Amino acid sequence: GLKDTEADRDFLRGWLIALVQSDGKGGLNPEDEKRLERAITRQMNMPEELRSLAGLREFLGHADPMGLGPRLEKWCRGNALGWAFDGERDEVRLDGAITGVDMSQLLEHEEVCAPAGAYLLYQVTQILDGRRVVLSIDEFRFYLKNPRFAAVVDNLLLTVRKSNGAVFLALQMPEHILESPLGPSIVAQCQTKIMFPSPTADRAVYIDGLKCTEGEYRAVREEMAVGKRRFLLKREQASVICEFDLGQMRDYVAILSGRANTVRFAEKLRRELGDEPDKWLPKFLRSYHDAKD
5 GLKDTEADRD FLRGWLIALV QSDGKGGLNP EDEKRLERAI TRQMNMPEEL RSLAGLREFL
65 GHADPMGLGP RLEKWCRGNA LGWAFDGERD EVRLDGAITG VDMSQLLEHE EVCAPAGAYL
125 LYQVTQILDG RRVVLSIDEF RFYLKNPRFA AVVDNLLLTV RKSNGAVFLA LQMPEHILES
185 PLGPSIVAQC QTKIMFPSPT ADRAVYIDGL KCTEGEYRAV REEMAVGKRR FLLKREQASV
245 ICEFDLGQMR DYVAILSGRA NTVRFAEKLR RELGDEPDKW LPKFLRSYHD AKD
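The numbering of the sequence shown is this note's numbering, which starts it at 5 and goes up by one.
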């Protein structure tokens, strides 16, 4: 969870304000901002296991239906979105050598996805200490839905680059990132771009938005046939078409790139045989071809 430090309190303040303002009903009045400051101080002085949004909400007033307290209430335990951020304990742990967070279910909840992503990414910035780190974010467009939370992503890119790290941002269509107010900043910070064949690639998006040359745009739209396992690797001053054929590694691809049927099969084996790969992986490799959709 968050620590009682100035940096964490500053993040929490901005995150809570963005959470409340995501209802589209405008900003906070000065009195609400003062109440929020006092509430954060009181909550952060408590033991971590006693902190909660519901507890914080008690210090935020009840009289004004458009005030901070009533607007935060739906995010508190027992209310519509209380399941998202007001649980019994914070389960986020980033102390392993490799950590993965499956956001699939949260992607279905647009209101929840952006603040959840912002919180996770902020936690990542807190463990950066100069050691090499690689961060991969799939379905990146979902993190840009709310400009206030998207600002955390923009800051993350700069922070990771300064801390001996690399960030991979993956999305289906570049239009999704360019539609964000922070799109130009994020594109500029991503010095290396990997582009896959797209026969319907929009000229303005690739040339004006991603700063492709005519040749690079032509390669994406026409010259790299879909299914040939080719992609364009673009840097600021040069680009190259690469081929990455994993056709001889199908068993490994089944592990690295899970589909719904193989994921369900792997989860079934882990329930039956335990989580250690040595116990379930051999059976998975023998039988994953038979896993049904």
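Think of the CB as a built atom: it goes at the ideal place given N, C-alpha and C, for glycine as much as any other residue. Computed from a predicted structure; not experimentally measured.
Linking Leu160 to Val137 through their CA atoms gives a straight-line distance of about 13 angstroms.
Taking the C-beta atoms as reference points, Asp94 is found nearer than 9 angstroms to Glu52. For Arg207, the closest alpha carbon among the candidates Phe200, Lys197, Glu220 and Ile198 is that of Glu220. In this chain, the alpha helix (DSSP H) harbouring Met48 covers Pro34 to Met48. At the C-beta level, Lys149 and Ala120 stay beyond 9 angstroms of one another.
For Phe172, the uninterrupted beta strand (DSSP E) segment begins and ends at Gly169 to Leu173.
By the criterion of at least three beta-carbon pairs nearer than 8 angstroms, the stretch 98-107 is not in contact with the stretch 67-83. A contact is defined here as three or more CB-CB pairs under 8 angstroms, and the stretch 38-46 meets this definition with respect to the stretch 57-64. DSSP places Phe200 in the coil class of the three-state scheme, outside both helix and strand. The stretch 219-233 makes contact with the stretch 244-251; the number of CB pairs closer than 8 angstroms reaches 3 or more.
Secondary structure note for Phe89: its alpha helix (DSSP H) is the uninterrupted segment Gly86 to Phe89. Bridge pairing for Lys238: Lys197 and Ser243 [DSSP].
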